[in-house]
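Protein chains in written order, with this note's numbering: chain A, 54 to 384; chain B, 26 to 346.
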């Protein structure tokens, strides 16, 4: 009898140990990794981040190092080696692809591959920073509007509409010319652009978060929270925000690609990152010179493909996230 | 219903005021004003002359004063005179509108023509190879930077194969008339429209697909199938008609996006449209045109949302205001 009981107990324990209980987070992860496109996207992003973050340490060249060439001997001379002032020395522009310069050099005699690495740092950073800014502002404003409703809601939603109806690209151009005239140094320009983009993008986030909070507010568990008499800030932070988390994560991944794309457009138009610093967008803008467009595909095609791959990867991840978070999408 | 529309219109006006204040104050901060641009390097201009020119162009006023004088004129339909074109802004917008309308209108039509059938097809065969292919292509389209895609197309079709023009609206130094002119214009619009459609169609396609999926899982579709209706009727009559409701909202929201999206495409292909003119206006400090153009898009956005909200109620009898 005693034996039976311990045996039963043992079996019970074993059964419980073998029982896999998944937390909601694990369920989401499981659904996410089942999506092949999303996995591919994640892979691309990891490779890109490694390439841009670690790549420059392996590249022997600098971001804006200019290469010279001895016109008589055809020997390449680096900027740092000195003796580049000679009459027989010229800048090694538009060099073809070779073992020294895997993707050749650009119109100013700089190594294209190295610049792609540095440019990628900018694009990826811009994506993350802008998304963080828009999320903080958007969640805060949307949360306040949705929770308090009434006049506060009215004011914030009108603000959202104002921001939504301003055409983005023309506005960015105006802001860029203000910055140019105000004498903002090229290396700081990108920080201003990140800030402005984050502030202009918050409206969409706020609208979504508000909608979500409006429907959550009416649920019974919120009434229960109300009945316990806890502080408002606690109600918002502990009970509402965690429940809007899925949609926040979703917006974050979905917007990442869009932000990187917009930054590249701005850089292409000459509004974003300025010379001599590299960004994928301003590396493509050499296509305006028809000679380069026609004969030096190695200069503008690789950075363009980098933009495409990165944005694509974020979009795949975003798509996978949406399916993973939506229980209705269960197969 | 009428009360709802009136309320919405009033809100629109309020929002437009907000937009104009925000835009005016930013545009006012641009220090490289038009007068210093055109007088730069000209030694015959004295400071007094510059001052008088500023007065003539209305650039001497402060932020608040300038805004109210602009607003007063704008309310009378006078958006000022474009510095660059020396014509009233309204006329300049009217003059460059056709190119943008042609580009945006044809693109929008093609986008809908592609997005609706493909979206429905993808939804009907969810998780099949067809579905994955369509969705993957749509996402690639969304992820394509328009300027890069344009460069690739130019390299292949204009420079490489030489069958299409690189940029511009008409062939230079040739005076076509009638049908030949139309053919020439059409040739110049092929690449811009391709760029526009491919980079824009993806988001609409996904939208149609998502909505179709939702409808397909609805009870009335199951009922229709249970009745033994042919699949053609289930899709065409019961499911598709219901997906039309969100599509109506989509069309309303598309219009302003087309106009602002045209800025990049037009400048890449050197089309003489509103967007390209706006880009030049930024470099020249042409504040009246910029204000007019931005307000135009802002008004379009608001009207677009309003119209789609009203249409929503018209199409969907369940919606009551």
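C-beta: ideal position from N, C-alpha, C; glycine also.
First and last residue of the uninterrupted alpha helix (DSSP H) at residue i
i, result
"residue 335 (chain A)", "333–337"
"residue 341 (chain A)", "That residue, residue 341 (chain A), is in no alpha helix (DSSP H); it is neither H nor E in DSSP."
"residue 200 (chain B)", "It is not in any alpha helix (DSSP H) - residue 200 (chain B) carries neither H nor E in the DSSP assignment."
"residue 23 (chain A)", "Outside the shown range of chain A, which is 54 to 384, sits residue 23 (chain A), and nothing can be said about it."
"residue 368 (chain A)", "350–378"
"residue 308 (chain B)", "299–309"
"residue 33 (chain B)", "27–54"
"residue 161 (chain B)", "154–168"
"residue 118 (chain A)", "Looking at the DSSP string, residue 118 (chain A) is not in any alpha helix (DSSP H), and its letter there is neither H nor E."
"residue 42 (chain A)", "Summary: the structure shown does not reach residue 42 (chain A), with chain A confined to residues 54 through 384, and so no result is reported for it."
"residue 309 (chain A)", "294–321"
"residue 92 (chain B)", "88–100"
"residue 396 (chain A)", "Here chain A has residues from 54 to 384 only, and residue 396 (chain A) is not among them."
"residue 347 (chain B)", "Because residue 347 (chain B) is not part of the residues shown, which for chain B are 26 to 346, the question remains open."
"residue 266 (chain B)", "265–294"
"residue 323 (chain B)", "312–340"
Within 8 Å, strictly: CB atoms of residue i and residue j
i, j, result
"residue 333 (chain B)", "residue 274 (chain B)", "yes"
"residue 158 (chain A)", "residue 109 (chain A)", "no"
"residue 167 (chain B)", "residue 227 (chain B)", "yes"
"residue 186 (chain A)", "residue 197 (chain A)", "no"
"residue 75 (chain A)", "residue 355 (chain A)", "no"
"residue 218 (chain A)", "residue 327 (chain B)", "yes"
"residue 169 (chain B)", "residue 361 (chain A)", "yes"
"residue 82 (chain A)", "residue 372 (chain A)", "no"
"residue 117 (chain B)", "residue 288 (chain B)", "no"
"residue 293 (chain A)", "residue 200 (chain A)", "yes"
"residue 45 (chain B)", "residue 126 (chain B)", "no"
"residue 339 (chain A)", "residue 358 (chain A)", "no"
"residue 105 (chain A)", "residue 180 (chain A)", "no"
"residue 245 (chain A)", "residue 225 (chain A)", "no"
"residue 148 (chain B)", "residue 237 (chain B)", "yes"
"residue 294 (chain B)", "residue 224 (chain B)", "no"
"residue 128 (chain B)", "residue 304 (chain B)", "no"
"residue 221 (chain A)", "residue 253 (chain A)", "yes"
"residue 286 (chain B)", "residue 330 (chain B)", "no"
"residue 223 (chain A)", "residue 284 (chain B)", "no"
"residue 216 (chain B)", "residue 182 (chain B)", "yes"
"residue 292 (chain B)", "residue 282 (chain B)", "no"
Same chain only: Cβ atoms within 8 Å of residue i, ignoring 5 sequence neighbours per side
i, result
"residue 208 (chain B)", "201"
"residue 274 (chain A)", "292"
Cβ-based neighbour list, residue i, same chain, cut-off 6 Å, excluding 5 preceding and 5 following
i, result
"residue 132 (chain B)", "218, 221 and 222"
"residue 306 (chain B)", "314 and 315"
"residue 310 (chain A)", "364, 367 and 368"
"residue 384 (chain A)", "Because residue 384 (chain A) sits at a pLDDT of 42, beneath the cut-off of 50, its placement in the model cannot be relied upon, and the following sentence gives the value as read from the coordinates. Same-chain partners within the cutoff: there are none."
"residue 53 (chain B)", "88"
"residue 271 (chain B)", "236"
"residue 336 (chain B)", "273"
"residue 159 (chain B)", "143 and 147"
"residue 250 (chain A)", "183"
"residue 97 (chain A)", "362 and 366"
"residue 184 (chain B)", "none"
Per-residue DSSP class, three states only, for residue i
i, result
"residue 123 (chain B)", "helix"
"residue 180 (chain B)", "helix"
"residue 76 (chain A)", "coil"
"residue 284 (chain A)", "coil"
"residue 249 (chain B)", "helix"
"residue 163 (chain A)", "strand"
"residue 106 (chain B)", "strand"
"residue 71 (chain B)", "coil"
"residue 113 (chain B)", "strand"
"residue 383 (chain A)", "Unreliable placement is indicated for residue 383 (chain A), whose pLDDT of 46 sits below 50; the coordinate value is still reported in the next sentence. The answer is coil: DSSP assigns residue 383 (chain A) none of H, G, I, E or B."
"residue 122 (chain A)", "strand"
Own chain partners of residue i with C-beta closer than 7 Å, once the 5 adjacent residues on each side are dropped
i, result
"residue 311 (chain B)", "59, 107, 108 and 109"
"residue 278 (chain A)", "288 and 292"
"residue 269 (chain B)", "340"
Check: residue i C-beta below 7 Å from any heavy atom of the ligand FMN
i, result
"residue 206 (chain A)", "The ligand FMN is absent from the structure shown, which contains no ligands of any kind."
- request: Could you tell me whether the region 295–312 of chain A touches the region 254–273 of chain A, where touching means 3 or more Cβ pairs closer than 8 Å?
  value: yes
- prompt: Three or more beta-carbon pairs under 8 Å between the region 180–193 of chain B and the region 325–336 of chain A, yes or no?
  reply: no
task: Give a yes or no on contact between the region 157–166 of chain B and the region 313–332 of chain A, applying the rule of three or more CB pairs nearer than 8 Å.
output: no
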